[in-house]
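One structure is given below, encoded as structure tokens.
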Amino acid sequence: MAIHPIEYRYGHSEMKSVWSEETRLVKMLEVEAALAKAEVKAGYIPKGVEEKIKRGAGKVKLERVKAIEDEIHHDVMAVVHALSEQSEDAGKWVHFGATSNDILDTATALQIKDAIMIFRKETAKLRSVLIDTALLHKNTVCAGRTHGQIGVPTTYGLRFAIWASEMDRHMERLDQLTPRATAGKMSGAVGTQAAFGKKGIEIQKRTMEELGIEPADVSNQIIQRDRHAEFVMWMANTVTTLDKICVEIRSLARSEIAEVEESFGKKQVGSSTMPHKRNPIKSEQVCGLARIVRAMVEPELLNNTLWDERDLTNSSCERIVFPESCVLTDHVIRLTTTIIQNLRFYPENIRKNLDLLNGLNMGEAVMIELTKKGVGRQEAHEIVRQSAMTARETQGQMKDALLGNETVSKYLSDDDITGIMDPEKYIGTAVEQVESLAAKLKKRK
Numbered sequence: 013m014a015i016h017p018i019e020y021r022y023g024h025s026e027m028k029s030v031w032s033e034e035t036r037l038v039k040m041l042e043v044e045a046a047l048a049k050a051e052v053k054a055g056y057i058p059k060g061v062e063e064k065i066k067r068g069a070g071k072v073k074l075e076r077v078k079a080i081e082d083e084i085h086h087d088v089m090a091v092v093h094a095l096s097e098q099s100e101d102a103g104k105w106v107h108f109g110a111t112s113n114d115i116l117d118t119a120t121a122l123q124i125k126d127a128i129m130i131f132r133k134e135t136a137k138l139r140s141v142l143i144d145t146a147l148l149h150k151n152t153v154c155a156g157r158t159h160g161q162i163g164v165p166t167t168y169g170l171r172f173a174i175w176a177s178e179m180d181r182h183m184e185r186l187d188q189l190t191p192r193a194t195a196g197k198m199s200g201a202v203g204t205q206a207a208f209g210k211k212g213i214e215i216q217k218r219t220m221e222e223l224g225i226e227p228a229d230v231s232n233q234i235i236q237r238d239r240h241a242e243f244v245m246w247m248a249n250t251v252t253t254l255d256k257i258c259v260e261i262r263s264l265a266r267s268e269i270a271e272v273e274e275s276f277g278k279k280q281v282g283s284s285t286m287p288h289k290r291n292p293i294k295s296e297q298v299c300g301l302a303r304i305v306r307a308m309v310e311p312e313l314l315n316n317t318l319w320d321e322r323d324l325t326n327s328s329c330e331r332i333v334f335p336e337s338c339v340l341t342d343h344v345i346r347l348t349t350t351i352i353q354n355l356r357f358y359p360e361n362i363r364k365n366l367d368l369l370n371g372l373n374m375g376e377a378v379m380i381e382l383t384k385k386g387v388g389r390q391e392a393h394e395i396v397r398q399s400a401m402t403a404r405e406t407q408g409q410m411k412d413a414l415l416g417n418e419t420v421s422k423y424l425s426d427d428d429i430t431g432i433m434d435p436e437k438y439i440g441t442a443v444e445q446v447e448s449l450a451a452k453l454k455k456r457k
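In my numbering, the protein residues as written are 13 to 457.
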């Protein structure tokens with residue numbers, strides 16, 4: 013019986029597989045096999061043992077591990093017993109010198125490494141879709157807004173380029189944190205490696221080399237959770253960018269703005285009672301699930317504040333934090349990519365909103381031009397401000413209010429003002445910025 017929505021509603025099979033029971037067992041067995049190989053190379057256990065343990069690892073079944081755990085009530089020792097059963101006479105060397113968290117934390121590092129590979133692939137895909145959309149709409153002039161009010165013009169290309177650049181920074185952060193979040197260890201009960209004797213550092217190094225991850229410089233019984241907290245905070249930071257993108261899409265899709273719209277299927281139902289509705293449900297889903305991922309940050313930060321060389325308060329918590337945050341983050345990255353790929357633009361509404369204020373939003377352009385003509389900047393600002401107040405109160409055209417001012421008419425003609433107040437001519441370097449960013453990001457892998 014499915015209970016959690018991740019089981020039946022949210023998440024992609026690729027990321028779910030990383031955090032499945034089956035994968036968890038496979039990773040733990042990989043660590044045990046790598047440990048045996050490292051110990052043989054270090055001369056700590058007899059030659060040939062590693063091959064039998066490796067073969068045994070391929071024969072262990074999840075059902076057998078669960079059956080043993082039901083009897084002994086210890087998850088790692090259940091794996092150790094199941095592996096020993098399948099390793100012939102080498103079974104007595106399974107888990108030699110290790111403590112449970114040598115296996116658990118190193119297996120977690122392997123899972124995080126796999127999750128990061130998926131994140132990098134999907135984040136790169138979203139970054140590419142955003143920059144492609146930016147290039148497609150680099151000349152789509154629209155109303156810029158600050159404080160929810162229409163300001164000077166911008167372009168849709170610049171909006172999407174800003175988001176693409178932000179996703180690129182998330183990819184950079186992911187690359188930077190990867191070696192820290194995927195470190196493993198073989199440090200024993202309290203971190204001294206006493207059970208490995210003087211071979212401890214060598215065994216740890218060889219084990220991690222076999223697994224393709226970095227060894228922790230020092231640790232106690234566990235890998236310190238600042239590493240994992242950084243990874244969880246990356247997910248929270250990333251989904252917050254997606255939240256921001258989808259909040260903007262939802263805002264721009266409002267009936268009274270209607271500049272963009274999520275794709276809507278021919279048979280899709282928007283409301284059970286209002287048949288006309290075309291709700292931005294995908295964007296709303298992104299915004300909602302982002303809240304859950306952000307909520308994972310505090311538990312993982314608290315998982316770093318354990319007693320002495322360790323306690324068990326992090327364990328139950330992380331069984332939820334790691335899979336849930338990874339599955340939901342991956343889900344919303346993929347969903348946002350789909351939203352952007354299928355986003356509809358309505359040029360007529362974009363232009364209508366650009367002209368909605370009868371030219372009031374072009375006041376800055378006039379102020380700049382008056383200053384260039386010799387009027388002081390502060391005086392020009394006041395002239396334009398007063399003209400804007402007049403136009404707003406009379407619900408007239410800003411152009412007419414400006415021409416009614418003696419100073420303005422002294423320096424600028426009717427045709428001058430018409431040209432200055434053309435929104436298409438007041439987008440600065442927006443196009444060049446998009447093109448420059450696209451050229452930069454297209455070189456990235």
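Heads up, the beta-carbon is just placed ideally off N, CA and C, and yes, glycines get one too.
Practice task
State yes or no: is the C-beta of residue 227 within less than 9 Å of the C-beta of residue 196?
Solution key: Yes, they are a contact pair.
Handout entry: Distance, residue 154 Cα to residue 139 Cα
Key = Taking the straight line joining both Cα atoms gives about 22 Å.
Problem - Where residue 133 falls, given that 16 or more other Cβ within 10 Å makes a residue buried - result: With fewer than 16 Cβ atoms within 10 Å of its Cβ, residue 133 is classed as exposed.
Problem - Counted within 10 angstroms of its Cβ, other Cβ atoms place residue 279 as buried (16 or more) or exposed - result: By the neighbour-count criterion, in which a residue is buried when 16 or more other Cβ atoms sit within 10 angstroms of its Cβ, residue 279 is exposed.
Practice task
Report yes if the C-beta distance between residue 135 and residue 179 is below 9 Å; otherwise report no.
Solution key: It is a contact, given that the beta carbons lie within the stated cut-off.
Handout entry: Opening and closing residue of the alpha helix (DSSP H) in which residue 169 lies
Key = In the DSSP assignment, residue 169 falls within the unbroken alpha helix (DSSP H) covering 168-193.
Practice task
Indicate whether residue 344 and residue 272 have their beta-carbon atoms separated by less than 9 Å.
Solution key: In this structure, residue 272 does not lie closer than 9 Å to residue 344 by Cβ.
Handout entry: Residue closest to residue 366, alpha-carbon to alpha-carbon, out of 433, 116, 350
Key = Comparing alpha carbon positions, the residue from 433, 116, 350 closest to residue 366 is 433.
Handout entry: Rounded C-alpha distance that separates residue 64 from residue 225
Key = Roughly 23 Å separates the two Cα atoms.
Exercise for the section: Look at residue 420 and residue 378 and say whether their C-beta atoms are less than 9 Å apart. Expected result: Yes.
Exercise for the section: Tell me whether residue 30 sits in a helix, a strand or coil according to DSSP, three-state version. Expected result: Three-state DSSP puts residue 30 in a helix.
Problem - Residue burial classification, residue 286 (beta-carbon count within 10 angstroms, cutoff 16) - result: Residue environment: residue 286 is assigned as exposed (fewer than 16 neighbouring CB atoms within 10 Å of its CB, all protein chains considered).
Handout entry: Span separating the alpha-carbon of residue 263 from that of residue 87
Key = Here the alpha carbons of residue 87 and residue 263 stand approximately 49 Å from one another.
Problem - Cβ-based burial, residue 427 [other Cβ within 10 Å; buried from 16] - result: Of the other Cβ atoms in all chains shown, fewer than 16 fall within 10 Å of the Cβ of residue 427; this residue is therefore exposed.
Problem - Straight-line Cα distance separating residue 353 from residue 443 - result: Approximately 21 Å, taken between the alpha carbons.
Exercise for the section: Would you mind working out which of 123, 387, 308 sits nearest residue 39, comparing C-alpha positions? Expected result: Among 123, 387, 308, the Cα nearest to that of residue 39 is on 123.
Practice task
Flag this pair as yes or no: are the beta carbons of residue 349 and residue 137 separated by less than 9 Å?
Solution key: Their beta carbons are under 9 Å apart, which means residue 349 touches residue 137 by this criterion.
Problem - Reduced DSSP secondary structure (H/G/I, E/B, other) of residue 103 - result: Per DSSP, reduced to three states, the secondary structure at residue 103 is helical.
Problem - Spatially closest choice to residue 173 from 147, 181, 158, by CA coordinates - result: Here the closest residue by C-alpha is 147.
Handout entry: Sub-9 Å separation of residue 456 and residue 326 beta-carbons
Key = Contact flag unset, no.
Problem - Boundaries of the alpha helix (DSSP H) in which residue 155 is found, first to last residue - result: Where residue 155 is concerned, there is no enclosing alpha helix (DSSP H), although the beta strand (DSSP E) it sits in stretches over 153-158.
Problem - Close beta carbons around residue 275, own chain, < 7 Å, minus the five adjacent residues each side - result: Once the five neighbours on either side are set aside, the close Cβ partners of residue 275 are 354, 356.
Exercise for the section: Give me the Cα-Cα distance between residue 186 and residue 149, rounded to the nearest whole angstrom. Expected result: In a straight line, the C-alpha of residue 186 is about 29 Å away from that of residue 149.
Handout entry: Cα-Cα separation, residue 198 to residue 73
Key = Spanning the two alpha carbons is a distance of roughly 25 Å.
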